[in-house]
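Heads up, the thing below is written out as C-alpha cells.
Below is the structure:
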C-alpha cells in the first residue's frame, strides 16, 4: 500500500464517519430521504475530491457542513416547481411505499413517537431558521461557525436561532 | 437593575457559548429580572426539544456500500502527484512560516566580528524556536491540527467584546467592561 493509498483510506474513513450526521441534516433540509441519501453521497464525494484544498487550520466539520448546506441549497434551487420541502410526503416521520425506503432502520429512529413532535415543529419553522438549528444540532457548530457556513452576519444567525428556539419551545410540549 | 441585554445574547448564554466573564454578568442580571429568566427558560426548552432527535440516524447498508464504492473510484481517479507536491499544496503556509522564521534567525545571527558562539540564552532560544517549527511541520505531516494562536485576552475577551459591540447593547457592554476592570461590586 502506497502512502497515497493510506491518505485516501484515512480520508474515506473520516468522511464516512460523518455520513449519518450529514444525512440527518440533509433529510431535514430537503425533506426527502432518497434525495438526502443522494446528496449525502454527493457531499462526501465532493469533500473527498476537495480534500487537498482543505486547510488543516480550519475546522473540518464547518468545512464539511458548508459543502452539505450548499448541496442542499443547490438542489432546492434546481427544483423550483416542487414545494420548497416535500415534507408531507417524505418528511422522516411519514410512511412511504418507495422500495428504497422500505424497512429502513431510520424509519423507526426518525419517526419514533418521542421525536415526531419535534419533527413536526421543525417543519413549521422558516427554512433559514431551521437551517441554523440543524447546523447547530447535527454539525455541532458554534454560532460563529454557522455564520461562516451560511455566509450571514453573526447577529442574523443569533436572531434566527432565537426565533427558532422560542418557536420550538412553544410547539413541543415539555416531557 | 441594569437594562436588559438583547435577546441574541441569551441565545449564546442558553447554548453555553459565552466566556466566563460575560456569562457571569448575564447570570447576575438574571437574578433580578423575571422577564429575562422566562426568556432563558424558553430557549433552554427549545434546545432540549432538539435533543430528542436522533443525532446520528442509521444509514441503509446498501447506501453505505455504494458510498464506499464511489469513494474508491474517486480515489483511483485522483490525479497522481508526487507526495511532496501534495504536502506543499496542503501545508505550504506552514513551510512559508518556517522559512520566514529561519530567515529571521539567520539575519539575527551575530556579525562575523562577534564571537563565533551565540550567548547561551540566545542559542537556547534559537534551538527552541527551530524545534517548535519542526514540531509544527511534524504535526501537519501526521494530520494533526497544530495549536492555533490564542486570543490576546484569555477567556475570549476579544470575541466577546466584538459580539457585544455588534449587538450594540450599551448596558451590557458597560457591565462587561466594568466587570473586566474590577469596578463592579
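Chains as they are written, first to last, in this note's numbering: chain F, 126 to 300; chain S, -18 to 166. Built from N, CA and C at the ideal position, the CB exists for glycine as well.
Output yes if chain S places a C-beta closer than 9 Å to the C-beta of residue i; else output no.
i              : result
residue 196(F) : no
residue 261(F) : yes
residue 173(F) : yes
residue 154(F) : no
residue 193(F) : no
residue 243(F) : yes
residue 273(F) : no
residue 145(F) : yes
residue 299(F) : yes
residue 276(F) : no
residue 141(F) : yes
residue 283(F) : yes
residue 268(F) : yes
residue 165(F) : yes
residue 187(F) : no
residue 169(F) : yes
residue 162(F) : yes
residue 118(F) : Given a span of 126 to 300 for chain F in the structure shown, any question on residue 118(F) remains unanswerable.
residue 201(F) : no
residue 252(F) : no
Please report the Cβ distance between residue i and residue j, rounded to the nearest whole angstrom; I am assuming they are in contact, meaning their Cβ atoms lie under 8 Å.
i              : j              : result
residue 293(F) : residue 30(S)  : 5 Å
residue 264(F) : residue 190(F) : 4 Å
residue 250(F) : residue 186(F) : So it is not a contact: roughly 22 Å between Cβ atoms.
residue 137(F) : residue 148(F) : 16 Å between Cβ atoms; not a contact.
residue 192(F) : residue 171(F) : 5 Å
residue 269(F) : residue 258(F) : With a Cβ gap of about 16 Å, residue 269(F) and residue 258(F) do not count as contacting.
residue 256(F) : residue 178(F) : Not quite, the Cβ-Cβ distance comes to about 24 Å (not below 8 Å), so this is no contact.
residue 286(F) : residue 248(F) : Not really, about 18 Å apart at Cβ, beyond 8 Å.
For residue i, count neighbouring C-beta atoms within 10 Å of its own C-beta (all shown protein chains included) and say buried if the count is 16 or more, exposed if not.
i              : result
residue 15(S)  : exposed
residue -5(S)  : buried
residue 166(F) : buried
residue 297(F) : buried
residue 167(S) : Look at the range of chain S in this structure, -18 to 166, and you will see that residue 167(S) is not part of it.
residue 81(S)  : exposed
residue 142(F) : exposed
residue -3(S)  : exposed
residue -11(S) : buried
residue 38(S)  : buried
residue 299(F) : exposed
residue 27(S)  : buried
residue 3(S)   : buried
residue 20(S)  : buried
residue 49(S)  : exposed
residue 133(F) : buried
residue 88(S)  : exposed
Would you verify that the beta carbon of residue i is, or is not, closer than 9 Å to some beta carbon of chain F?
i              : result
residue -8(S)  : yes
residue 2(S)   : no
residue 6(S)   : no
residue 12(S)  : no
residue -5(S)  : yes
residue 45(S)  : yes
residue 77(S)  : no
residue 133(S) : In this prediction, residue 133(S) scores a pLDDT of 38, lower than 50, which makes its location untrustworthy; the coordinate-derived value is nonetheless stated afterwards. Closer than 9 Å: no.
residue 38(S)  : yes
residue 24(S)  : yes
residue 33(S)  : yes
residue 41(S)  : yes
residue -16(S) : no
residue 173(S) : Here chain S covers residues -18 to 166 and nothing more, so residue 173(S) does not appear.
residue 82(S)  : no
(message) Which runs of the alpha helix (DSSP H) at least 4 residues long sit entirely within the stretch 166 to 192 of chain F? Give them in chain order.
(response) None, since the stretch 166 to 192 of chain F contains no complete alpha helix (DSSP H) of that length.
(request) Counting only runs of 4+ residues fully inside the stretch 249 to 283 of chain F, write out the alpha helix (DSSP H) ranges in chain order. (result) Taken in chain order, the complete alpha helix (DSSP H) segments of 4 residues or longer contained in the stretch 249 to 283 of chain F are 252 to 263, 268 to 275.
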